[in-house]
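The sequence shown begins at 13 in this note's numbering and counts up one residue at a time. Cβ coordinates follow ideal geometry from the N, Cα and C atoms, glycine included. Only a predicted model underlies this, so the values are computations on that prediction, with no experimental measurement involved. One structure below.
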Amino acid sequence: MASFGELFDHAAQYVGSGDMVKDMGRDLQNAANYVNNLVGGSGSPGQNQADFESNLVKVTPFMSIMSIKPKDGWVQKTSPIHEIRTLAALAHSDAYPPWILRGSGTISEEAKTDLREYLRGAIWNDDPLSHLFHDNPGWNFDRKKGLAVSYGADYLGATQAYNIVTDRSIRAAMPSLTQRAHEGDMQFLHCMAQEKGETVQETVRKVMCWCEAMYNIAIGQFDESRQLASIKLPWFTQFTTPCGTDTVRTLFAGNTPSYPKIQARKRALGSIFHIIQDSYAAGHCRRNPPFKGPIEQCHTFTGQVHEKHSDLDHSFKNIEDISLGDLDSFVSWQGVRPGIDACIKLANLWGEGRQFDDGVRGLLRDEVFAIASHAKAADSSI
Numbered sequence: 013m014a015s016f017g018e019l020f021d022h023a024a025q026y027v028g029s030g031d032m033v034k035d036m037g038r039d040l041q042n043a044a045n046y047v048n049n050l051v052g053g054s055g056s057p058g059q060n061q062a063d064f065e066s067n068l069v070k071v072t073p074f075m076s077i078m079s080i081k082p083k084d085g086w087v088q089k090t091s092p093i094h095e096i097r098t099l100a101a102l103a104h105s106d107a108y109p110p111w112i113l114r115g116s117g118t119i120s121e122e123a124k125t126d127l128r129e130y131l132r133g134a135i136w137n138d139d140p141l142s143h144l145f146h147d148n149p150g151w152n153f154d155r156k157k158g159l160a161v162s163y164g165a166d167y168l169g170a171t172q173a174y175n176i177v178t179d180r181s182i183r184a185a186m187p188s189l190t191q192r193a194h195e196g197d198m199q200f201l202h203c204m205a206q207e208k209g210e211t212v213q214e215t216v217r218k219v220m221c222w223c224e225a226m227y228n229i230a231i232g233q234f235d236e237s238r239q240l241a242s243i244k245l246p247w248f249t250q251f252t253t254p255c256g257t258d259t260v261r262t263l264f265a266g267n268t269p270s271y272p273k274i275q276a277r278k279r280a281l282g283s284i285f286h287i288i289q290d291s292y293a294a295g296h297c298r299r300n301p302p303f304k305g306p307i308e309q310c311h312t313f314t315g316q317v318h319e320k321h322s323d324l325d326h327s328f329k330n331i332e333d334i335s336l337g338d339l340d341s342f343v344s345w346q347g348v349r350p351g352i353d354a355c356i357k358l359a360n361l362w363g364e365g366r367q368f369d370d371g372v373r374g375l376l377r378d379e380v381f382a383i384a385s386h387a388k389a390a391d392s393s394i
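Below you can see the structure in the form of structure tokens.
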């Protein structure tokens, strides 16, 4: 296995010189002003909180993740698509006091911390090792400037190794959860197939397995001390990182274990939200009718035209006119409103404390991830 230094050297070929990384860091800090205002700032509680209520209603762009294009040698900032959809779903559900997200009333520090935990969950599927965040024991949303280094080294280095190995058992044991989630055996975290030829039924089976485990965490059936192997998560074994004997807390903490108040229940719900939202994006799934019907085909990321995938994810949309209080402001974005509506339904069931077999399984299996009668095997087309 390559050392971190070797992975860094490898990734540096793609992310550019030190000056370039510094420039990207400055861009990241400037672009992150939105989320600082939204959920309380970065570094210590109390920074940039004066306009919290108004900023929840009128959304402005910030850095969500880095889109790394190894062949073209550049990185790019994206819009906070999952964060916005998650907040919109909470704002219009019965599970969360609506005034908190619609700009009226006094918002407590506890409420802001809660919001950040949902967002950490919604971001987790894209950044399962928490490369986006500093390991800050006093703050759960302390975003990094140096994302391109740690994220790029992890993702690109592991992807290169993964592409060389053909043995499936060895691939499954490879350590990078970041790579597994984006181009490996855990692409179902984005409602995508592991490889070409995988049936929709198999992809949805894995999605449902994950959602059941996450939902049971979200309702408190499994607490943060529960071992992953004991809650039917077969992707974590003695050979993986995290491994099967690691805990739910370890899974969600990633590289930020020092924060003592991780709320696994909220992060687990956010992870399900992410899969639901992705399933309505054309780069992830083909639905019939488009963007709202049953799933006809799941795609695999490897081999796709990444620019087109990003466009269909609305990764670079201007979101300044989006209002969390007005769901109609999302209508022109293909697939976004249906995903929010589905998350609202799930949030309502969660807020009622429903068990997974008391309406939740049916919602996900028969509505959100329903399979079309003439489903096709996965490919990388869009």
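Buried versus exposed call for residue i [16 or more other C-beta atoms within 10 Å across all chains shown]
i, result
"Gly315", "exposed"
"Val71", "A caution first: Val71 carries a pLDDT of 34, below 50, which makes its placement in the model unreliable, though a value can still be read off. Under this definition Val71 is a buried residue."
"Lys273", "exposed"
"Thr190", "buried"
"Val343", "exposed"
"Phe368", "buried"
"Gly196", "buried"
"His386", "exposed"
"Gly351", "buried"
"Phe251", "exposed"
"Asp333", "exposed"
"Ala209", "Per the sequence presented here, residue 209 reads as Gly, with Ala not at that position. Exposed, since its Cβ has fewer than 16 Cβ neighbours within 10 Å."
"Asp370", "exposed"
"Glu129", "buried"
"Glu236", "buried"
"Glu122", "exposed"
"Glu95", "buried"
Residue i vs residue j beta-carbon contact at 8 Å
i, j, result
"Pro140", "Gly305", "no"
"His311", "Ile394", "yes"
"Gly133", "Gly282", "yes"
"Cys297", "Ala101", "no"
"Gln3", "Thr253", "Because the chain in this structure spans residues 13 to 394, residue 3 falls outside the shown range and cannot be described."
"Thr257", "Ala241", "yes"
"Asp106", "Asn360", "yes"
"Tyr292", "Phe285", "no"
Distance between residue j and residue i (C-alpha atoms, nearest Å)
i, j, result
"His104", "Ile243", "31 Å"
"Asn148", "Ile231", "27 Å"
"Ile6", "Asp138", "Residue 6 cannot be examined here, being either before or after the span of the chain that is shown, 13 to 394."
"Phe381", "Tyr271", "34 Å"
"Ser29", "Lys388", "Confidence at Ser29 is low in this model, with a pLDDT of 34, below 50, so the placement of that residue should be treated as unreliable; the coordinate-derived value is given next. Approximately 44 Å, taken between the alpha carbons."
"Lys156", "Phe145", "5 Å"
"Asp378", "Leu263", "29 Å"
"Leu376", "Met220", "8 Å"
"His143", "Gln206", "23 Å"
"Ser392", "Lys357", "30 Å"
"Arg192", "Gly150", "30 Å"
"Ser335", "Glu214", "37 Å"
"Ala225", "Lys218", "11 Å"
"Pro246", "Val216", "15 Å"
"Arg349", "Trp362", "20 Å"
"Arg299", "Arg97", "20 Å"
"Ile135", "Ile93", "10 Å"
"Asn152", "Tyr108", "20 Å"
"Phe200", "Phe248", "15 Å"
"Val87", "Ser341", "Low per-residue confidence applies at Val87: pLDDT is 43, beneath 50, and the placement is therefore not dependable, though the value from the model is reported in the following sentence. Whole-angstrom Cα-Cα distance: 29 Å."
"Gly337", "Leu99", "10 Å"
"Phe234", "Met198", "21 Å"
"Phe313", "His194", "7 Å"
"Arg366", "Lys278", "15 Å"
"Asp353", "Ser188", "33 Å"
"Ile331", "Ser91", "8 Å"
"Pro301", "Trp345", "16 Å"
"Leu131", "Pro269", "17 Å"
"Leu68", "Thr211", "At Leu68, the pLDDT of 35 sits below 50, so the modelled position is not reliable and the matter cannot be decided from this model."
"Glu364", "Tyr227", "13 Å"
"Cys255", "Lys124", "32 Å"
Chain D within 8 Å of residue i, Cβ atoms only
i, result
"Asp154", "Chain labels in this structure do not include chain D; a single protein chain is all it has."
Inter-residue CB distance, residue i and residue j (contact presumed, cutoff 8 Å)
i, j, result
"Ala390", "Glu308", "About 11 Å separates the two Cβ atoms, so there is no contact after all."
"Gln347", "Ala294", "Per the sequence shown, the amino acid found at residue 347 is Gly instead of Gln. Sure, about 7 Å apart at Cβ, within 8 Å."
"Cys203", "Asp290", "5 Å"
Check: Can you give, in chain order, each stretch of the beta strand (DSSP E) that sits fully within the segment 276–347 and has at least 3 residues?
Finding: 297–299 and 307–310
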